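Worksheet for the structure shown next.
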Amino acid sequence: MRKVIAVDRTFLRSKYGGVLLSAVAQDAENHIFSVAFCVVDSECDASYRYFFEQLRNFVLDTPELCIISDRHQSIRKMVSIVFPLAHYGCCMRHLGENIRNNFHNASVVYHFYKAAKAYNIDVFSDHFNRIRDLVPQATTHLERVGFHRWSKAFFLENRYNIMTTNIAESINSIFLDEREYLITALFDATNRRFAEKFHERCMKFINAPTIFVPSIEKDIAKNINLGNKLLVHQTVNYKYIVTGQDEVATVDLLAKSCTCKVFDIDKISCPHVMAAL
């Protein structure tokens with residue numbers, strides 16, 4: 001499991017009401033799976049505190065852990081209390097919609113998403129300065145939220161490519177019919193659905209002929225081909241300057257780092273690293 005957990009909720013439709021809280025993660029193949037779920041009366045500090053305390057029983061509180069949500073105040077507050085070592089990030093899509101609704105400028109939204117997804121600070125700054133030129137109030141709002149909450153380039157640990165809570169919302173969308181069930185029936189249906197999925201995936205990969213999962217194999221093959229077109233100059237032991245395609249990157253194989261930051265953040269060898277190997 002990647003150490004990135006998306007937290008979301010969905011409102012139940014049975015006669016008793018309630019809210020289904022869920023914590024969702026991804027595996028290396030980008031498959032979505034539920035880490036924890038529970039039913040509470042309503043969204044409040046007490047509900048999220050209980051939920052996160054149960055989650056902490058089997059998810060360690062470490063600096064490498066990232067918890068992302070839609071900036072709900074109770075989630076943000078309880079993450080800081082129950083998971084003080086973890087890093088909290090906000091959903092890029094929810095923040096983008098907030099920007100759209102508040103400032104009504106499509107160009108600002110475009111540059112916001114480009115800035116949020118940028119791997120390095122220079123690219124981030126280019127797009128953020130464009131936002132400042134268009135609507136200065138939008139940059140004030142984003143600065144108040146904190147770059148480290150929504151920007152890939154500034155995030156303090158690693159959220160890989162998980163910039164939104166879409167993975168949690170995808171899980172919730174699977175259980176549209178089950179939202180009308182009573183709690184015991186809801187949990188039975190949820191456990192059964194996930195058991196079927198886990199078995200299906202296990203059978204698919206138990207005899208897989210590749211070292212890595214298929215999606216990573218494809219990325220590696222693509223980056224090898226791109227790396228073959230680049231020029232490599234060794235500077236000192238295990239450090240290389242890679243040039244080509246109007247870009248210059250410095251690769252440090254021992255530090256597992258590249259100045260393009262794709263290798264650092266996604267943890268998959270970028271074309272520059274492939275060229276240096």
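Per UniProt numbering, the sequence shown starts with residue 1, numbered consecutively. From the three backbone atoms N, C-alpha and C, an ideal C-beta is built for every residue, glycine too. All values derive from a computational prediction rather than experimental measurement.
Item                                                                                                   : Value
Contained alpha helix (DSSP H) runs [length at least 4] in the segment 210-263, N- to C-terminal order : 214-227
Beta-carbon proximity of Thr259 to Ala275, cut-off 9 Å                                                 : no
Ile99 vs Leu142 beta-carbon contact at 9 Å                                                             : yes
Beta-carbon separation (whole angstroms), Leu18 vs Val35, contact threshold 8 Å                        : Per the sequence shown, the amino acid found at residue 18 is Gly instead of Leu. Not quite, the Cβ-Cβ distance comes to about 20 Å (not below 8 Å), so this is no contact.
Stretch pair the segment 132-149 + the segment 163-177: three plus CB contacts closer than 8 Å         : no
Cβ-Cβ separation, Ala86 to Cys66 (assumed contact under 8 Å), whole Å                                  : 7 Å
Ser269 vs Asn223 beta-carbon contact at 9 Å                                                            : yes
Environment of Pro271 [buried if 16+ CB atoms lie within 10 Å]                                         : buried
Length-filtered (4 minimum) alpha helix (DSSP H) runs lying within the segment 124-196                 : 136-145, 147-150 and 166-174
Cβ distance (whole Å) where Pro63 is taken to contact Glu157 below 8 Å                                 : 6 Å
Contiguous alpha helix (DSSP H) assignments of at least 4 residues, all confined to the segment 43-125 : 45-55, 73-82, 92-103 and 106-117
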